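Taking it in order: structure first as C-alpha coordinates, then the write-up.
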Amino acid sequence: MDHDWIFKDIDELVTPVGAFRVLDGGRRVPFSVVKNPFDYPSEVYDKARNVIGTITSDTNYRIVIPISRLEIGKDYMVRFSAGEWRSNCSGEHTTCACTVIGDWVVGIGAYDWNDDEKEEQCWKYSAQKGYLDKGFVKEPPEYDESDFAKYSVFVMDDYNGYLIRLYDKTEKYVYIEVAWVKIERYSADEYEGALGVWLC
(Lines of atoms letter the chains of each structure in order from A and count residues from 1; the text may use other names and numbers.)
(Lines give C-alpha, C1' and ligand atoms only; values in the text may rest on other atoms or scores of the structure.)
Protein backbone atom coordinates (compact mmCIF):
# COMPACT_ATOMS: atom_id res chain seq x y z
CA MET A 1 0.00 0.00 0.00
CA ASP A 2 1.43 3.34 -1.05
CA HIS A 3 1.05 6.26 1.31
CA ASP A 4 0.83 9.99 0.75
CA TRP A 5 2.92 11.00 3.76
CA ILE A 6 2.01 14.21 5.58
CA PHE A 7 4.86 13.68 8.09
CA LYS A 8 7.58 11.05 7.76
CA ASP A 9 9.67 9.52 10.58
CA ILE A 10 8.70 11.94 13.34
CA ASP A 11 8.87 11.17 17.08
CA GLU A 12 5.76 13.16 18.09
CA LEU A 13 2.66 14.60 16.45
CA VAL A 14 2.09 18.00 17.98
CA THR A 15 -1.37 19.55 18.47
CA PRO A 16 -2.25 22.97 19.99
CA VAL A 17 -2.84 21.27 23.38
CA GLY A 18 -0.36 18.38 23.57
CA ALA A 19 1.32 15.68 21.52
CA PHE A 20 0.83 12.08 20.42
CA ARG A 21 3.86 9.82 20.92
CA VAL A 22 4.69 6.18 20.28
CA LEU A 23 6.73 4.76 23.16
CA ASP A 24 8.88 1.71 23.77
CA GLY A 25 9.22 2.12 27.54
CA GLY A 26 10.69 5.62 27.81
CA ARG A 27 12.09 5.61 24.27
CA ARG A 28 10.19 7.27 21.43
CA VAL A 29 9.52 5.13 18.35
CA PRO A 30 9.53 7.03 15.01
CA PHE A 31 6.30 6.94 13.02
CA SER A 32 4.74 8.61 10.01
CA VAL A 33 1.39 10.29 9.41
CA VAL A 34 -1.15 10.16 6.57
CA LYS A 35 -4.64 11.60 6.11
CA ASN A 36 -7.34 9.44 7.68
CA PRO A 37 -9.32 7.81 4.84
CA PHE A 38 -12.48 8.27 6.97
CA ASP A 39 -12.41 12.01 6.48
CA TYR A 40 -15.75 13.49 5.55
CA PRO A 41 -18.02 16.21 6.97
CA SER A 42 -19.92 15.21 10.09
CA GLU A 43 -23.48 16.54 10.00
CA VAL A 44 -24.99 18.57 12.86
CA TYR A 45 -28.75 18.34 13.46
CA ASP A 46 -31.31 20.46 15.29
CA LYS A 47 -33.98 18.97 17.60
CA ALA A 48 -36.25 18.28 14.62
CA ARG A 49 -33.43 16.25 12.98
CA ASN A 50 -32.81 18.85 10.27
CA VAL A 51 -29.20 19.29 9.16
CA ILE A 52 -28.02 22.71 10.33
CA GLY A 53 -24.32 22.42 9.51
CA THR A 54 -21.26 20.22 9.27
CA ILE A 55 -18.01 19.74 11.16
CA THR A 56 -14.73 19.14 9.35
CA SER A 57 -11.07 19.04 10.37
CA ASP A 58 -7.82 19.55 8.51
CA THR A 59 -6.15 17.47 11.24
CA ASN A 60 -7.84 14.08 10.89
CA TYR A 61 -4.88 11.73 10.63
CA ARG A 62 -3.66 8.15 10.78
CA ILE A 63 -0.47 7.36 12.68
CA VAL A 64 1.47 4.72 10.74
CA ILE A 65 3.99 2.60 12.67
CA PRO A 66 6.17 0.26 10.58
CA ILE A 67 5.93 -3.24 12.02
CA SER A 68 9.55 -3.79 10.98
CA ARG A 69 10.49 -1.48 13.89
CA LEU A 70 8.52 -3.50 16.45
CA GLU A 71 9.35 -6.74 18.25
CA ILE A 72 6.90 -9.63 18.53
CA GLY A 73 5.53 -10.02 22.05
CA LYS A 74 6.75 -6.63 23.22
CA ASP A 75 4.39 -3.90 24.46
CA TYR A 76 4.38 -0.43 22.92
CA MET A 77 2.22 2.57 23.77
CA VAL A 78 0.60 5.29 21.71
CA ARG A 79 -0.34 8.08 24.12
CA PHE A 80 -1.37 11.70 24.27
CA SER A 81 0.49 13.98 26.65
CA ALA A 82 -2.38 15.89 28.30
CA GLY A 83 -6.04 15.97 29.27
CA GLU A 84 -8.57 13.85 31.11
CA TRP A 85 -9.75 11.22 28.65
CA ARG A 86 -12.90 9.14 28.44
CA SER A 87 -14.35 6.52 26.14
CA ASN A 88 -16.11 8.09 23.17
CA CYS A 89 -17.66 5.30 21.12
CA SER A 90 -16.89 2.00 19.46
CA GLY A 91 -17.64 0.49 16.10
CA GLU A 92 -16.88 -2.68 14.19
CA HIS A 93 -13.79 -3.97 16.08
CA THR A 94 -12.73 -0.41 16.93
CA THR A 95 -12.66 1.82 20.00
CA CYS A 96 -12.31 5.56 20.36
CA ALA A 97 -11.58 7.96 23.24
CA CYS A 98 -11.44 11.73 23.47
CA THR A 99 -10.68 14.71 25.68
CA VAL A 100 -11.68 18.37 25.74
CA ILE A 101 -8.83 20.75 26.53
CA GLY A 102 -9.73 24.43 26.37
CA ASP A 103 -11.31 25.07 22.98
CA TRP A 104 -10.07 21.80 21.47
CA VAL A 105 -11.43 18.28 21.24
CA VAL A 106 -8.75 15.62 20.70
CA GLY A 107 -9.43 11.97 19.91
CA ILE A 108 -7.74 8.63 19.29
CA GLY A 109 -9.10 5.42 17.79
CA ALA A 110 -7.84 1.99 16.75
CA TYR A 111 -8.90 -1.24 15.07
CA ASP A 112 -8.22 -4.49 16.92
CA TRP A 113 -7.56 -7.57 14.79
CA ASN A 114 -8.40 -9.81 17.77
CA ASP A 115 -11.61 -8.18 18.90
CA ASP A 116 -13.82 -11.20 18.10
CA GLU A 117 -11.58 -13.53 20.11
CA LYS A 118 -11.51 -11.08 23.04
CA GLU A 119 -15.29 -10.79 23.01
CA GLU A 120 -15.69 -14.56 23.01
CA GLN A 121 -13.37 -14.84 26.01
CA CYS A 122 -15.30 -12.08 27.83
CA TRP A 123 -18.58 -13.96 27.41
CA LYS A 124 -17.04 -17.26 28.48
CA TYR A 125 -15.41 -15.73 31.55
CA SER A 126 -18.62 -13.88 32.49
CA ALA A 127 -20.66 -17.07 32.19
CA GLN A 128 -18.18 -18.99 34.38
CA LYS A 129 -18.19 -16.28 37.06
CA GLY A 130 -21.97 -15.79 37.06
CA TYR A 131 -21.83 -12.23 35.74
CA LEU A 132 -24.20 -13.06 32.88
CA ASP A 133 -26.85 -14.08 35.44
CA LYS A 134 -26.51 -10.57 36.89
CA GLY A 135 -26.92 -9.00 33.47
CA PHE A 136 -23.42 -7.86 32.55
CA VAL A 137 -20.27 -8.96 30.75
CA LYS A 138 -16.81 -8.46 32.22
CA GLU A 139 -13.32 -8.82 30.78
CA PRO A 140 -11.17 -11.62 32.20
CA PRO A 141 -8.18 -10.54 34.33
CA GLU A 142 -6.03 -11.46 31.32
CA TYR A 143 -6.72 -12.88 27.89
CA ASP A 144 -5.47 -16.19 26.51
CA GLU A 145 -3.50 -14.75 23.59
CA SER A 146 -2.34 -18.10 22.14
CA ASP A 147 -4.71 -17.77 19.16
CA PHE A 148 -4.25 -14.03 18.64
CA ALA A 149 -2.78 -12.89 15.31
CA LYS A 150 -1.31 -9.75 13.72
CA TYR A 151 -1.57 -7.25 16.59
CA SER A 152 -3.92 -6.22 19.37
CA VAL A 153 -4.66 -2.86 20.91
CA PHE A 154 -5.59 -2.53 24.59
CA VAL A 155 -7.16 0.72 25.81
CA MET A 156 -5.05 2.42 28.48
CA ASP A 157 -6.64 2.68 31.94
CA ASP A 158 -6.84 6.48 31.63
CA TYR A 159 -8.15 6.22 28.01
CA ASN A 160 -5.45 8.53 26.58
CA GLY A 161 -4.09 5.93 24.20
CA TYR A 162 -3.40 2.27 23.53
CA LEU A 163 -1.00 -0.47 24.44
CA ILE A 164 -0.01 -2.31 21.24
CA ARG A 165 1.12 -5.94 21.27
CA LEU A 166 2.48 -7.58 18.11
CA TYR A 167 1.95 -11.33 17.49
CA ASP A 168 3.42 -11.76 14.01
CA LYS A 169 4.66 -9.70 11.09
CA THR A 170 2.00 -10.50 8.50
CA GLU A 171 0.94 -6.84 8.41
CA LYS A 172 3.27 -4.08 7.27
CA TYR A 173 2.00 -1.32 9.56
CA VAL A 174 0.10 -0.62 12.77
CA TYR A 175 -2.50 2.10 12.22
CA ILE A 176 -3.85 4.41 14.94
CA GLU A 177 -6.37 7.13 14.04
CA VAL A 178 -6.05 10.54 15.70
CA ALA A 179 -7.75 13.89 15.17
CA TRP A 180 -8.27 17.26 16.80
CA VAL A 181 -10.72 20.03 16.05
CA LYS A 182 -11.44 23.47 17.53
CA ILE A 183 -14.76 24.07 19.25
CA GLU A 184 -16.27 27.03 17.45
CA ARG A 185 -19.88 27.14 16.24
CA TYR A 186 -21.40 24.14 18.04
CA SER A 187 -21.26 22.50 21.47
CA ALA A 188 -18.31 20.33 22.51
CA ASP A 189 -20.61 17.28 22.32
CA GLU A 190 -21.07 17.80 18.58
CA TYR A 191 -17.31 17.86 18.01
CA GLU A 192 -16.82 14.77 20.18
CA GLY A 193 -19.48 13.05 18.08
CA ALA A 194 -17.66 13.97 14.90
CA LEU A 195 -14.42 12.48 16.22
CA GLY A 196 -16.31 9.34 17.21
CA VAL A 197 -17.46 8.92 13.60
CA TRP A 198 -14.01 9.58 12.08
CA LEU A 199 -11.96 7.47 14.47
CA CYS A 200 -14.12 4.35 14.85
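In my numbering, the protein residues as written are 78 to 277. Glycine included, each C-beta is placed from N, C-alpha and C at the ideal position. It should be emphasised that the depicted structure is a prediction, and the values quoted were computed from it without experimental measurement.
Secondary structure of residue i, DSSP reduced to three states
i      : result
Ala125 : coil
Ile132 : strand
Trp162 : coil
Ala226 : coil
Cys277 : coil
Asp234 : coil
Trp200 : helix
Asp81  : coil
Gly270 : helix
Ser145 : helix
Thr215 : Correcting the residue identity first, residue 215 is Lys in this sequence and not Thr. In this structure, Lys215 counts as coil in the three-state DSSP scheme.
Glu120 : strand
Residue from the options whose Cα sits closest to the Cα of residue i
i      : options                           : result
Ala290 : Asp88, Val258, Arg262 and Lys195  : With the chain running from 78 to 277 in the structure shown, residue 290 is simply not present.
Glu267 : Leu100, Tyr239, Ile132 and Phe97  : Ile132
Glu222 : Ile149, Ala125, Asp101 and Val94  : Ile149
Glu219 : Gly273, Tyr202 and Trp275         : Tyr202
Ala159 : Leu276, Arg104, Asp192 and Trp257 : Trp257
Ser145 : Ala265, Thr172, Tyr244 and Thr171 : Tyr244
Ser264 : Arg156, Asp123 and Arg104         : Asp123
Leu276 : Tyr228, Gly186 and Val230         : Gly186
Leu262 : Phe97, Ile129, Asp86 and Asp101   : The sequence given here places Arg at residue 262; Leu does not occur at that position. Selected option, being the one with the closest Cα: Ile129.
Glu248 : Cys173, Tyr228, Gln205 and Ser164 : Tyr228
His80  : Glu269, Ile142 and Ala96          : Ile142
Val251 : Val230, Gly207 and Glu161         : Val230
Val232 : Arg163, Asp224 and Glu169         : Arg163
Glu216 : Tyr236, Asp192 and Trp181         : Asp192
9 angstroms Cβ cutoff, residue i in contact with chain C
i      : result
Tyr208 : Any reference to chain C falls outside this structure, which holds one protein chain only.
Buried versus exposed call for residue i [16 or more other C-beta atoms within 10 Å across all chains shown]
i      : result
Val110 : buried
Tyr153 : buried
Asn127 : exposed
Val214 : exposed
Per DSSP, cross-strand counterpart(s) of residue i
i      : result
Tyr68  : Residue 68 falls outside the range modelled here, since the chain spans only 78 to 277, and no answer is possible.
Leu90  : Phe97
Tyr250 : Pro143
Asn137 : Ala256
Quick check: the region 105-121 against the region 132-140, are there 3 or more CB pairs under 8 angstroms?
With a cut-off of 8 angstroms on Cβ pairs, the region 105-121 is in contact with the region 132-140, counting three or more such pairs.
When you compare the region 250-265 with the region 78-98, are there three or more beta-carbon pairs, one atom per stretch, that lie closer than 8 angstroms?
These segments touch.
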